[in-house]
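Protein chains in written order, with this note's numbering: chain S, 2 to 245; chain C, 2 to 245; chain Y, 2 to 245; chain H, 2 to 245; chain R, 2 to 245; chain A, 2 to 245. Don't be surprised by glycine CBs; every beta carbon is placed ideally from N, CA and C.
Number of protein chains: 6
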Amino acid sequence: MIIHVVNPNTTASMTDKIAAAARQVARTGTDILATQPDMGPVSIEGYYDEAYAIPGMLARIREANVIGVAAHVIACFDDTGLDAARSISDAPVIGIGEAGYHAASLIAGKFSIVTTLARSIPVMEHNLVRYGLASRCARVRAAGIEVLALEDPASGAVDKISAEIEAAKQSDHAEAIVLGCAGMADLAAHLSAKHGLPVIDGVACAVAFAEALVSVGLKTSRLGGYSPPLRKTYVGSFASYAPA
Amino acid sequence: MIIHVVNPNTTASMTDKIAAAARQVARTGTDILATQPDMGPVSIEGYYDEAYAIPGMLARIREANVIGVAAHVIACFDDTGLDAARSISDAPVIGIGEAGYHAASLIAGKFSIVTTLARSIPVMEHNLVRYGLASRCARVRAAGIEVLALEDPASGAVDKISAEIEAAKQSDHAEAIVLGCAGMADLAAHLSAKHGLPVIDGVACAVAFAEALVSVGLKTSRLGGYSPPLRKTYVGSFASYAPA
Amino acid sequence: MIIHVVNPNTTASMTDKIAAAARQVARTGTDILATQPDMGPVSIEGYYDEAYAIPGMLARIREANVIGVAAHVIACFDDTGLDAARSISDAPVIGIGEAGYHAASLIAGKFSIVTTLARSIPVMEHNLVRYGLASRCARVRAAGIEVLALEDPASGAVDKISAEIEAAKQSDHAEAIVLGCAGMADLAAHLSAKHGLPVIDGVACAVAFAEALVSVGLKTSRLGGYSPPLRKTYVGSFASYAPA
Amino acid sequence: MIIHVVNPNTTASMTDKIAAAARQVARTGTDILATQPDMGPVSIEGYYDEAYAIPGMLARIREANVIGVAAHVIACFDDTGLDAARSISDAPVIGIGEAGYHAASLIAGKFSIVTTLARSIPVMEHNLVRYGLASRCARVRAAGIEVLALEDPASGAVDKISAEIEAAKQSDHAEAIVLGCAGMADLAAHLSAKHGLPVIDGVACAVAFAEALVSVGLKTSRLGGYSPPLRKTYVGSFASYAPA
Amino acid sequence: MIIHVVNPNTTASMTDKIAAAARQVARTGTDILATQPDMGPVSIEGYYDEAYAIPGMLARIREANVIGVAAHVIACFDDTGLDAARSISDAPVIGIGEAGYHAASLIAGKFSIVTTLARSIPVMEHNLVRYGLASRCARVRAAGIEVLALEDPASGAVDKISAEIEAAKQSDHAEAIVLGCAGMADLAAHLSAKHGLPVIDGVACAVAFAEALVSVGLKTSRLGGYSPPLRKTYVGSFASYAPA
Amino acid sequence: MIIHVVNPNTTASMTDKIAAAARQVARTGTDILATQPDMGPVSIEGYYDEAYAIPGMLARIREANVIGVAAHVIACFDDTGLDAARSISDAPVIGIGEAGYHAASLIAGKFSIVTTLARSIPVMEHNLVRYGLASRCARVRAAGIEVLALEDPASGAVDKISAEIEAAKQSDHAEAIVLGCAGMADLAAHLSAKHGLPVIDGVACAVAFAEALVSVGLKTSRLGGYSPPLRKTYVGSFASYAPA
């Protein structure tokens, strides 16, 4: 099966890192198709970036649907454009934030999230409320680092994340940690060993859950909010994105 | 003061109707600047349309901020792009869905919403949960009519909406009704008189609340989720939308 | 239009202060009718005071309804007697607590409240739960000052309030502050500038929202909990308050 | 021990009926002191009546505290003035609504309430939310009868209540019923036998729970919202009610 | 009346202590039948112990039902096996955790729980959510002591519990404390006097509430989740426990 | 990898059916070890049966842990003994109810459950509340059939289930269905095709999610509620089950 992993930002190096994380966990026989939009922000840090990431990302979803992928993974912790992606896909669509929260709920009573910047906290809290899993999350914590600083060893990012994990364990009584950024995918194993509790990378979980849904034959519901878009005219530079 | 009312879809006749509703309620001294995006869907019915409405709508928000408007009103019941708009505006930004729910909460214990198509119900339920007002909403009902049918007298739209209002009154114990579409703005007074309970048009409420926030000097918070976007590169056809 | 602002306690100097705050924000053409009960407590600090403030306050509401005011504002942060007032008024009735919470919800993701004494915290938490806005309030904080101390410059009240605002910003991640006492109305602008986030005075918001509801023609629902009182006998010294 | 049962309305025949229900369940050695206010409404049907019932009822609470009663029961399903009564009493204070809900929660998973008029539904829903027991209540139903009609055999009240109980069993999956009016106290046993599920009278439960709290030595907390009222001036005809 | 108090662990000395606490509060005419299972753990600290405590405890419940007891009290703060016990008993069944939470809710706005080990916190939080009373509980605190250490004066247990009570009062704004272990029953009076707020022992409350339910004639509902078990075969060493 | 699928009831034919469903979905390289307890009820219908199913099931979990399985699946929709099983397993443990709810949440906005008997509804509602997913479940429906009737073609079970699915689609606006019994595993594909929405079998989902968690290297947290049981004595016939 082909699993389409779309990085909603336009930074190719991050796409590569995500693809590597995805391939590492993918079972034999699963091909990872990693893409990124050709228009939009180089990283997603807040609601505005998100708005300009979605149109290009949905274009990648549509293209992958034409190819006939088995599932899509949206590789941003904001689960950018998840609902819109589902409304155009029979194939399952899983966000990495969502995947991390569900995985944590299956192995721990309560979890905390450690993300990059404080501005992303409300986005995640909002998602948790919608997903219904807010009661499972003890707290969303920000390490105070920018997304792209994760690529820079001199940024001290790992130490800051580690300090928040320790605080989550002591103060939040967190029993597991969800790392709140696709760019942290490579840190999970080290931090889990160091702190003695599960530290969860959403990219790996999303790929594995996508495989799981495919293997049981489940597809996205086409009723209610995920009904296929009605055929209508889109004008201007978005004309070609109109639902067919 | 200038209040910018942006219709997030690209149908000019609907912009005119919304502008008329806005001007009818605006106080002396308030000018209504009515705009619509130049790219995107002709109507917004579900998550996919929303994704392609937001970028063009945010462009209008930015332009209006340069002009120096006192407040923005987003004239779609989905409150399309509300969070992103707030993150780029000192001026208050109010969605017409949000305005309708808050107004209903100030004059009734419980309200029901009557919207167009069932596919929009989850979007509104999702917003209600986020706003905290889900417990005040007895039920979101769909009249089973497309947005553009509201413009067509032969569609029977008014009778269908009226039937749902009666059902809300009898079955949901609704004490007020929020009309869940900008295109229903002209029906509120008639339906309120017919059914003997407040029937609320979000466009009018949003304009009036915008005036209210301006008159008390309140502006959008610039902390947390509404922090101004970080300066960064946007690529491709969205390059010019990058935060400055 | 006439907006009736009733101070539910019997301290005339506080009524004057509230009236001044109301007039400052009222639009041209709005007259503020400021009243206070002629029986009851000189300040409202807890459930017991509230019980003896309501009957006299409702008398003022009834009198104002005879005069024909456009709306009522209840100028105590407990929203004293709000439901009873609505059940006897076609005109909208807005509590200043309620107004502050709704205003905060329109400009910020999360807000904290700073009130006077700890004994008032449960009253406000209870109101927040009923209004549905508890999820929007990060925390209700008490500055540890009595209501009437706000009139005394030597009380250090402003510094105590300012310290709580700073704590709300740092610890609660509050994006806006609601000042939880009508007597703090004159502090909002100064504290907002000092702390760099919106600081909200409920009196101003309630007047502006009352104007807003009037301008869109909305009245209190007369169904359900706000149905007009049934005609019946009241005995003893309350005989004259019986619903006609 | 003396248990003070206060009927917050001024109808002596209802006080007698409540006192009889209380005495029937009281253990040997418990004396029931039944009182009613000397000012206020003859029945409580909605928020306005409630506002004028509380001051006279609190006078009875204060008098009983001077006598030295072991506990108070507030015999109206709205739990009229419960918080204010607690703030002036070391002795436990229990409302009959509250007692009924707690009793139902101890013997059934979910319960429904059958009350008199639809206007009382929001009051009870509001109480359930505050008490935290809203999730245990399947539905609040109104039989469409006025409180005083319960005294009139020709009113058909019992049949209407019985029909709502059957509907609660079938449609709400209610496992127990709470009768939502002090005036229904004498119907519980008959209706329980007829419908084959527990039918709960709040008066009996409140007396029994009051005895229970006394026997374990528990008193009302004097912290937070139930702190004793601060000494202050009350003016006008309420001067004598000021906290000493 | 006979009230059956079952200690779900097998430690006879704890049964004696619980029985003494029960007898101290029981009214004249109430006999306490104290039992313990003859198989299972010597103390219950977590989900696993609970699983092996329930079968033996249910055997005691069945035996007591044959004797014809008026009510059952389950004397473990986890409310071990409460639902299963209800499904085989017409007589009311009350857990001591549940009893403590309901009692606290009748005398205080918010309470905190002080239990033994951190591993028990999730069990209690889970129960609070189910009972609906989670919103009334400010926080569940663990004193960091094993259940059987409560029997050992040298363990410093009382000081650790006292320190948590003080923290609950200061940090949680708790207005009452529920002691979260049957083995703490003898500490309540001393700690209440020391800290100036109600400190609640669940054993006493459960016995008193059991007497209360019996005196008003309420029995466990036999509908829904508490329907009597269907007659069926149990195999192996549990064959004799099959529902008759 | 070996996945241990334990049927918590003692009916071997149902174990076989579950094992077949598990093997059908298991990926190449996954071995299904299917077990059932040697003591306990032949089917689980309510809280009492559950209590006597758990000890024997935990024995199977322990044995499988000695063997060294990669994960456990608890194949009863009540998620019988899930918490206790987790506290003794490093390997992930997934309940089929839980798995069904999480899967539904990943492909639909709202789902309904169709289970066997009404007595099981509260158990599932209780689990949904704990898992945090109650807000995603529109309604739990019972088809009114006993578990073992699912094995009997003459029982009309399929038609009854199908009728409830249609009702869920029309009345609950369910966008997906979770079949609420392990014995319904073979019906999912047929019912999905018939009703045009995803119909979810928890057994398949649990196996696939177990594989997913294993493939990403996640194990059960050993903190908080899932801490390993403390070493202690178990007495009587349960002596050998004491934690080592």
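Residues of chain H whose Cβ lies closer than 9 angstroms to the Cβ of R:C206 are, in chain order, A213, L214, V217, L219. Using a Cβ-Cβ cut-off of 7 angstroms, C:V67 does not count as an interface residue toward chain Y, since no Cβ of chain Y sits closer than that to its own. In this structure, the beta-carbon distance from H:S193 to Y:M40 does not fall below 7 angstroms. DSSP places H:T36 inside the beta strand (DSSP E), whose first and last residues are 32-36. About 15 angstroms separates the beta carbons of S:V130 and C:V124, which is beyond the 8 angstroms limit, so they are not a contact pair. Secondary structure of H:A60 (DSSP, three-state): helix. H:M185 is outside the set of residues whose beta carbon lies under 7 angstroms from a beta carbon in chain Y. S:S113 and S:R140 have their C-alpha atoms some 5 angstroms from each other. Interface annotation, R:R131: in contact with chain A, CB-CB separation under 7 angstroms. Listed in chain order, the positions of the region 158-180 of chain C with a beta carbon within less than 8 angstroms of a beta carbon of chain H are H174. Counted as a single uninterrupted DSSP element, the beta strand (DSSP E) harbouring S:D202 occupies residues 200-202. When 8 angstroms is used as the limit between beta carbons, C:G110 is near these residues of chain H: P123, in chain order. Judged by beta-carbon spacing, C:I108 lies within the 7 angstroms limit of Y:L219, meaning their Cβ atoms are closer than that value. Chain-order list of chain S residues neighbouring A:H103: H103, S106, L107, by C-beta distance under 8 angstroms.
Counting along the chain, the unbroken beta strand (DSSP E) around A:T116 starts and ends at 112-116.
If you ignore the 5 residues before and after A:L198, its C-beta comes within less than 7 angstroms of the C-beta of K170, E176, A177, I178, all in its own chain and listed in chain order. Of the residues assessed, C:P230 falls on the buried side of the cut-off, its CB having 16 or more other CB atoms within 10 angstroms. By the rule that beta-carbons nearer than 7 angstroms mark a contact, A:A209 touches chain S. Between the C-alpha atoms of Y:C138 and C:R61 there is a straight-line separation of about 31 angstroms. Against chain C, a Cβ distance below 8 angstroms from Y:A135 picks out G133. Within chain H, no residue has its CB atom less than 7 angstroms from the CB of Y:F78, the nearest being about 14 angstroms off. Cβ-Cβ distances below 6 angstroms link S:P244 to P230, R232 in the same chain, with the five nearest sequence neighbours on each side left out; the list follows chain order.
Of all residues in the region 26-52 of chain H, those with a C-beta nearer than 7 angstroms to a C-beta of chain R are V26, R28, reading in chain order. Residues of chain H whose Cβ lies closer than 8 angstroms to the Cβ of R:G225 are, in chain order, A109, G110, K111, H174, E176.
Nearest to C:G145 by alpha-carbon distance, out of C:P154, C:R24, C:R120, is C:R120. At a cut-off of 7 angstroms, the C-beta of H:L198 has a neighbouring C-beta in chain R. Here Y:E152 is exposed: its Cβ has fewer than 16 other Cβ atoms, across all protein chains shown, within 10 Å. Bounds of the beta strand (DSSP E) holding H:L180 are 177-180. Using a Cβ-Cβ cut-off of 7 angstroms, S:P93 counts as an interface residue toward chain A, since at least one Cβ of chain A sits closer than that to its own. Using a 10 angstroms sphere on the CB of Y:S14, the tally of other CB atoms stays under 16, which defines it as exposed.
Ranking R:A164, R:F78, R:S228 by CA distance to the CA of R:G203 puts R:F78 first.
Going by C-alpha positions, Y:T12 is about 14 angstroms away from Y:C182. Residues of chain Y with a Cβ closer than 7 angstroms to the Cβ of H:P230 are, in chain order, G47, Y49, D50. Per the coordinates, the alpha-carbon of C:V74 lies some 43 angstroms from the alpha-carbon of S:I33. C:G96: member of the beta strand (DSSP E) spanning 94-96, first to last residue.
The C-beta of R:S238 comes closer than 7 angstroms to at least one C-beta of chain A.
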